Amino acid sequence: MKKEIAIIGAGISGLLACKYTLSKGFHPIVLESQSSIGGAWTTPLEITKLQTSKQLYQFSDFPWPSSVTEVFPSQHQVLEYVEAYAHHFDLLRHIEFITKVVSIDFEGPSDEEMRSWHLWGWRWTGEPFSSKGK
105 MKKEIAIIGA
115 GISGLLACKY
125 TLSKGFHPIV
135 LESQSSIGGA
145 WTTPLEITKL
155 QTSKQLYQFS
165 DFPWPSSVTE
175 VFPSQHQVLE
185 YVEAYAHHFD
195 LLRHIEFITK
205 VVSIDFEGPS
215 DEEMRSWHLW
225 GWRWTGEPFS
235 SKGK
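If you count by my numbering, then the sequence shown holds residues 105 to 238, one letter each, in order.
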């Protein structure tokens, strides 16, 4: 059984996290409060454009389409690009839309267990850190 990973939001970071966890063999569940993907790119003013050139604002494994000739694409073009990325990598099936996260609780080691862990030397000497951090 694959381990499930919850990801909050289907904006650019959420989509990247979804794709990455899939590549590592996990089962991501993206919780998106809206009815569509795109995060901040879904609601800005119509005249909004990228402030960074598209060459610096692209997924490393998914280039901008040749139809986008502007150096600073519009909000609409950015949103279409993000949507195309999600479709290309079949990420939509991992997204639960209209799902608002209202609270998160930590499940893991207790504070007492955390305090009992040892920090080991950064050069893997096997010696714990001293009180001076060395």
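We put the beta carbon where it would ideally sit given N, CA and C, even for glycine. In this text, all values refer to a predicted model and were calculated from it rather than measured experimentally.
Bridge partner(s) assigned by DSSP for residue i
{"i": "P132", "result": "I109"}
{"i": "F163", "result": "F166"}
{"i": "E216", "result": "DSSP lists no partner for E216."}
{"i": "K153", "result": "S178"}
Nearest-angstrom beta carbon gap, residue j and residue i [assumed within contact, 8 Å]
{"i": "S171", "j": "K153", "result": "Not quite, the Cβ-Cβ distance comes to about 16 Å (not below 8 Å), so this is no contact."}
{"i": "L196", "j": "A190", "result": "6 Å"}
{"i": "H192", "j": "V134", "result": "Incorrect: roughly 16 Å between the Cβ atoms, too far for contact."}
Backbone CA spacing between residue i and residue j [nearest angstrom]
{"i": "V182", "j": "S140", "result": "14 Å"}
{"i": "T147", "j": "H180", "result": "10 Å"}
{"i": "S207", "j": "T173", "result": "43 Å"}
{"i": "V186", "j": "V205", "result": "22 Å"}
{"i": "S127", "j": "K158", "result": "25 Å"}
{"i": "L120", "j": "D215", "result": "31 Å"}
{"i": "I116", "j": "D165", "result": "14 Å"}
{"i": "W224", "j": "P213", "result": "Residue confidence is low: W224 scores 49 on pLDDT, short of 50, so the model does not pin down where it sits. No coordinate-derived value is stated."}
{"i": "W168", "j": "Q162", "result": "7 Å"}
{"i": "G113", "j": "E211", "result": "21 Å"}
{"i": "K123", "j": "E108", "result": "13 Å"}
{"i": "A144", "j": "F130", "result": "26 Å"}
{"i": "Q138", "j": "I111", "result": "14 Å"}
{"i": "G237", "j": "T156", "result": "Interpretation of G237 is limited by its pLDDT of 45, a score under 50 that renders its predicted location unreliable; no figure is taken from the coordinates."}
{"i": "I151", "j": "L160", "result": "20 Å"}
CA nearest to the CA of residue i, picked from the options
{"i": "P132", "options": "S157, E200, S164", "result": "E200"}
{"i": "G142", "options": "E184, F176, K106", "result": "E184"}
Any chain C beta carbon closer than 8 Å to residue i
{"i": "Y185", "result": "In summary, chain C is missing from the structure at hand, where a single protein chain is found."}
Along the chain, which unbroken stretches of the alpha helix (DSSP H) at least 4 residues long are found entirely within the region 178 to 213?
Qualifying alpha helix (DSSP H) stretches, in chain order: 179 to 192.
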